[in-house]
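**Student:** Going line by line, the protein sequences match chains A and B. 105 is the number that the numbering used here gives to position 105 of the first sequence; each next residue is one higher, with no gaps. Basically the numbering used here = 1-based index in the second sequence + 140. C-beta atoms are modelled at their ideal positions from N, C-alpha and C, and glycine is treated no differently. For reference, the structure I am asking about is given below.
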Amino acid sequence: MVSERKLRILVAKPGLDGHDRGAKILARAYRDAGFEVIYSGLHQMPEQIVQAALQEDVDLIGLSCLSGAHMYLFPRVIELLKENEAEDITVIGGGIIPMDDIPKLKEAGIREVFLPGASLTDVVDWARVNVEPCRYGERD
Amino acid sequence: MERYGQRGEGMFTQRTLGQVRQGGKEWEKELERSVEQKPERMERFSTVSDVEVKRIYTPADVKDTDFARDIGYPGIFPFTRGCQPSMYRGREWTFRMFSGMGSAADTNKRWRLLLRQGETGLSTAFDFPTLMGYDTDCPKARGECGRCGVAIDTLADFEILTDSIPLDSVTTSMTINPPAPVLWAMYLAVAEKSGIGWDKIGGTIQNDMLKEFIAQKTLMLPPEPSIRLISDTVEFGARHVPRWNTISISGYHIREAGSTAVQELAFTLADGIAYVQDVLERKKLDVDSFAPRLSFFFNSHLDFFEEIAKFRAARRMWAKIMRYRFKAEDPRSWWMRFHTQTAGCSLVAQQPYNNVIRTTTEALAAVLGGTQSLHTNSLDETLALPSEFAVTIALRTQQIIADEIGVANTIDPMAGSYFVESLTNETEERAWEYINRIDEMGGMLAAIERGFPQREIADAAYHYQQQIEEGEKAVIGVNKYSTGEQVYPPLLHMPERLEEEQRARTREVKRTRDSRKALQSLNDIRAACRRDKNIMPYVVEAVKAYATEQEICDVWREVFGEYRESAVHL
């Protein structure tokens, strides 16, 4: 039976980028929308992000990167989720991302990419529509 | 002007103020009729920072403003109207485009292009590993090489970066913070190698760690040793590199992180106070021996008048702080010289060509605010590093403002505007309130430890975003006049092989250098850190021995410990 628990979301800052305005605003918006939110803090290696996602049993990871390193960091998170048999965690991304990279990121398994100017409502609604809370204990 | 105020005479006669009152009554009657027929567009009008703006401003709003005390003349205390007596009639502001990408050779090529197009000063954007004190081969640096700036690991890269750049005639700014002594030492070393004396070179290192803890977050060492390294550079500059600005006290990043204009101003000045205090206490230098080389860096955001008021208030406040709080006597210690960058955070990915217009009005506000140098953002920077096409338009924007539209013909043309003077006063008063609170907390370091500025900024950022979500603040192409159409400019692409090539270059430098000399130079830095000697001479020796940036920064991490952000204020 699918439990009715709240969506659990990890907002994460991979790599060395320090631009955290968007990530923090988004974390607050998710929280205000009634989700359970964990914010990774800055300067996280993909390994640390995946470990946190597993420990916290999240349903969605939101990656934010404005340094241009998204083409390595985002797919690397997907790769590590697969290695840990946790592909059921949805991953989305946002930041300074050239248009041409978006199809490549989607092919790598990033479900959606949001650009500067994206509305909070759109980002929050996307999670509501596209992410189901994973069942308790599924990944135990 | 809450602090350091003396009573002034005011600029208006009682007769004029009487006319203002009388006329105001008549106008209000007219207004009432008009609003009854056609209500105003909004219930409340406010600046981008959400400061309420009245319908109209009159002499009554600036009746206590005193010409000599509050406005005066450029180049003379309190410098409200500018820091040089002739301002742009003497010399235009410096066209200084923040620029860096890929390898040192890629960036050198871009620099030369910009200089050919009439840029008059250089400004260096480093990639994140360089900003954080890591070499390209560090595991933490994977994927970052050359992505948001130029990758510099050793002096060999720096030599390529500055190849054929006339270091004795062009000034160079470097946006670098925790590793600032290393990159500055590289600049000093290439000057020396080209036979240019340190007294002939000019430029700026950002070197402002307090705002890193608050906003930009390129973090390395805990606050206390960070400040110590900064004071070392300030002292070294005062003694050996007289034309160098060893610190650029920056509000830019505070604003980008979401602060209001007043917070940007107040926190920047509070940071400045903390640095001056530390140099005075730690180095026992006379305030006038280093204060004239302190420089500032502000954001120019969308709200035209709010920004102009902020710049004018900033100069007036710093002049009072230096003269009355720190008892500086040299007028050059009182003046505030600053660089401005238009607001990156005001640009959007939707209908990106509109970003040119935003940047133009922001640049205009900076010029009317009396900036000494200016960077204008490119239209494509919400998507990637700027293309040659986009960066040329951005540079031309400044040149058109300088040469075509007449705003540089006269000094501080906004002075005397009831609204601008009133907003300048209001901005100053609100900023003093913050500075007083920070003083009560025991200064900026203590305030940062409490998370005070961080929380204020996070709240302001969220508030602004909500205003956009609710349509209270318009963003054209996003929440108003949105078409859903996707038009994208051609973007700059970085080659995949960049990172591997840079790793190979640094490997080769390490293989061919005199390893014993490099190692010895690192040991000398360690000893200087422990014995509390000025580190700069040793850092210069280390970069000349081709020690890498990370090797030097690792010594500091080892001696002083590494800083990690503990509490996060969402």
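Please list, in chain order, the chain B residues whose beta carbon lies closer than 9 Å to that of Cys115/A.
**Tutor:** According to the sequence displayed, residue 115/A carries Leu and not Cys. What Leu115/A touches in chain B: Val488, Ala489, Gln490, Thr522 and Leu523.
**Student:** Given a threshold of 16 other Cβ atoms within 10 Å of its Cβ, counted over all protein chains shown, does Gly158/B qualify as buried or as exposed?
**Tutor:** It is exposed - the Cβ of Gly158/B has fewer than 16 other Cβ atoms within 10 Å.
**Student:** Going by DSSP, name the residue or residues bridged to Thr264/B.
**Tutor:** Bridge partners of Thr264/B: Ser239/B and Met314/B.
**Student:** List, in order along the chain, the chain B residues whose C-beta lies closer than 8 Å to that of Pro98/A?
**Tutor:** Within 8 Å Cβ-Cβ: Leu523, Ala524, Leu631 and His633.
**Student:** DSSP three-state label for Ser513/B, please.
**Tutor:** Ser513/B: strand per DSSP, three-state reduction.
**Student:** Here's a check: name, in chain order, each residue in its chain whose Cβ is nearer than 6 Å to the Cβ of Gly398/B, leaving out the five neighbours to either side.
**Tutor:** The answer, listed in chain order, is Ile597, Ala600 and Ala601.
**Student:** How far does the alpha helix (DSSP H) with Leu171/B in it extend, from its first residue to its last?
**Tutor:** It spans Gln154 to Gln177 - the alpha helix (DSSP H) in which Leu171/B sits, taken as one unbroken run.
**Student:** Which residues in chain B sit within 7 Å of Lys24/A, going by Cβ to Cβ distance?
**Tutor:** Within chain B, the residues near Lys24/A are Ala598 and Leu710.
**Student:** By the 10 Å Cβ neighbour count, where 16 or more other Cβ atoms means buried, how is Met272/B classified, buried or exposed?
**Tutor:** By the neighbour-count rule (16 or more Cβ atoms within 10 Å), Met272/B is buried.
**Student:** Do Phe268/B and Ser67/A come within 9 Å of each other at the CB atom, strictly closer than that value?
**Tutor:** In contact: Ser67/A and Phe268/B (Cβ atoms closer than 9 Å).
**Student:** Which of the three DSSP states, helix, strand or coil, is assigned to Val37/A?
**Tutor:** In the structure shown, Val37/A sits in a strand (DSSP, three-state: E or B).
**Student:** How is Lys613/B classed by DSSP in three states: helix, strand or coil?
**Tutor:** Three-state DSSP puts Lys613/B in coil, outside helix and strand.
**Student:** Excluding the 5 residues flanking Gly617/B on each side, which residues of the same chain have their C-beta closer than 8 Å to its C-beta?
**Tutor:** If we look at Gly617/B and ignore the five residues flanking it on each side, its Cβ neighbours are Val488, Gln490, Gln491, Asn494 and Thr623.
**Student:** In the DSSP assignment, the alpha helix (DSSP H) including Phe445/B goes from what residue to what residue?
**Tutor:** Phe444 to Lys460 is the span of the alpha helix (DSSP H), which, as asked, contains Phe445/B.
**Student:** Using a C-beta to C-beta distance shorter than 8 Å, which residues of chain B count as neighbours of Thr121/A?
**Tutor:** Neighbours of Thr121/A on chain B, chain order: Glu609.
**Student:** Using the C-alpha atoms, what's the distance from Ser226/B back to Pro553/B?
**Tutor:** Cα to Cα, the separation comes out at about 13 Å.
**Student:** Which residues, in chain order, does the region 18-49 of chain A contribute to contact with chain B at a C-beta distance below 7 Å?
**Tutor:** Result list: Gly18, Asp20, Arg21, Lys24, Ile25, Ala27, Arg28, Tyr39, Gly41, Leu42 and Met45.
**Student:** Can you find the residues in the same chain that come closer than 7 Å, C-beta to C-beta, to Gln690/B, ignoring five residues on each side of it along the sequence?
**Tutor:** Cβ neighbours of Gln690/B beyond the five flanking positions: Gly273, Tyr274, Asp275 and Cys278.
**Student:** Using a threshold of 9 Å, state whether the C-beta atoms of Asn439/B and Ser388/B are closer than that.
**Tutor:** Against a cut-off of 9 Å, the Cβ pair of Ser388/B and Asn439/B comes out as no contact.
**Student:** Is the beta carbon of Pro526/B closer than 9 Å to that of Trp475/B?
**Tutor:** Not closer than 9 Å, so no.
**Student:** Here's the rule I'm using: 16 or more other beta-carbon atoms within 10 Å means buried, otherwise exposed. How should Ala555/B be labelled?
**Tutor:** By the neighbour-count rule (16 or more Cβ atoms within 10 Å), Ala555/B is buried.
**Student:** Taking only beta-carbon atoms, is Gln605/B less than 9 Å away from chain A?
**Tutor:** Yes, Gln605/B counts as interfacial toward chain A.
**Student:** Can you say whether Asp520/B is buried or exposed, counting buried as having 16 or more other CB atoms within 10 angstroms of its CB?
**Tutor:** Buried, because 16 or more other Cβ atoms sit within 10 Å of the Cβ of Asp520/B.
**Student:** Out of Pro46/A, Arg28/A and Val37/A, which has the shortest C-alpha to C-alpha gap to Gly15/A?
**Tutor:** Closest option to Gly15/A, Cα to Cα, is Pro46/A.
**Student:** Work out the CA separation of Met676/B and Glu375/B for me, nearest whole Å.
**Tutor:** Looking at the two C-alpha atoms, the distance is approximately 9 Å.
**Student:** Compile a chain-ordered list of the residues in the region 67-80 of chain A whose CB is closer than 9 Å to at least one CB of chain B.
**Tutor:** Within the region 67-80 of chain A, the residues whose Cβ lies closer than 9 Å to some Cβ of chain B are Ser67, Gly68, Ala69, His70, Met71, Tyr72, Leu73 and Arg76, listed in chain order.
**Student:** Label Met360/B either buried or exposed according to how many other C-beta atoms from any shown protein chain fall within 10 Å of its C-beta, with 16 as the threshold for buried.
**Tutor:** Buried.
**Student:** Given a cut-off of 9 Å, decide if Met241/B and Ala410/B are closer than it, judged by their beta-carbon atoms.
**Tutor:** Contact flag unset, no.
**Student:** Keeping to the same chain, check which residues put their C-beta closer than 8 Å to that of Gly230/B; ignore five residues upstream and five downstream.
**Tutor:** These residues qualify, in order along the chain: Gln224.
**Student:** What does the alpha-carbon distance come out to for the pair Phe104/B and Lys684/B?
**Tutor:** Residue 104/B lies beyond the stretch modelled for chain B, which goes from 141 to 710, so this question has no answer here.
**Student:** Check this for me: beta carbons of Leu723/B and Val188/B, under 9 Å apart or not?
**Tutor:** Missing from the structure shown is residue 723/B; chain B here goes from 141 to 710 and no further.
**Student:** Identify, in the order they occur along the chain, each residue of the same chain with its Cβ nearer than 6 Å to the Cβ of Asp303/B, setting aside the five sequence neighbours on each side.
**Tutor:** The residues are Asn248.
**Student:** Any beta-carbon of chain B closer than 9 Å to the one on Leu16/A?
**Tutor:** Output row for Leu16/A: interface = yes.
**Student:** Check Val11/A in the structure and name its three-state DSSP category.
**Tutor:** Val11/A falls in the strand class under three-state DSSP.
**Student:** Thinking C-beta only, is Val531/B closer than 9 Å to Ser239/B?
**Tutor:** In this structure, Val531/B lies closer than 9 Å to Ser239/B by Cβ.
**Student:** Once DSSP output is grouped into helix, strand and coil, what is the label at Trp475/B?
**Tutor:** In this structure, Trp475/B counts as coil in the three-state DSSP scheme.
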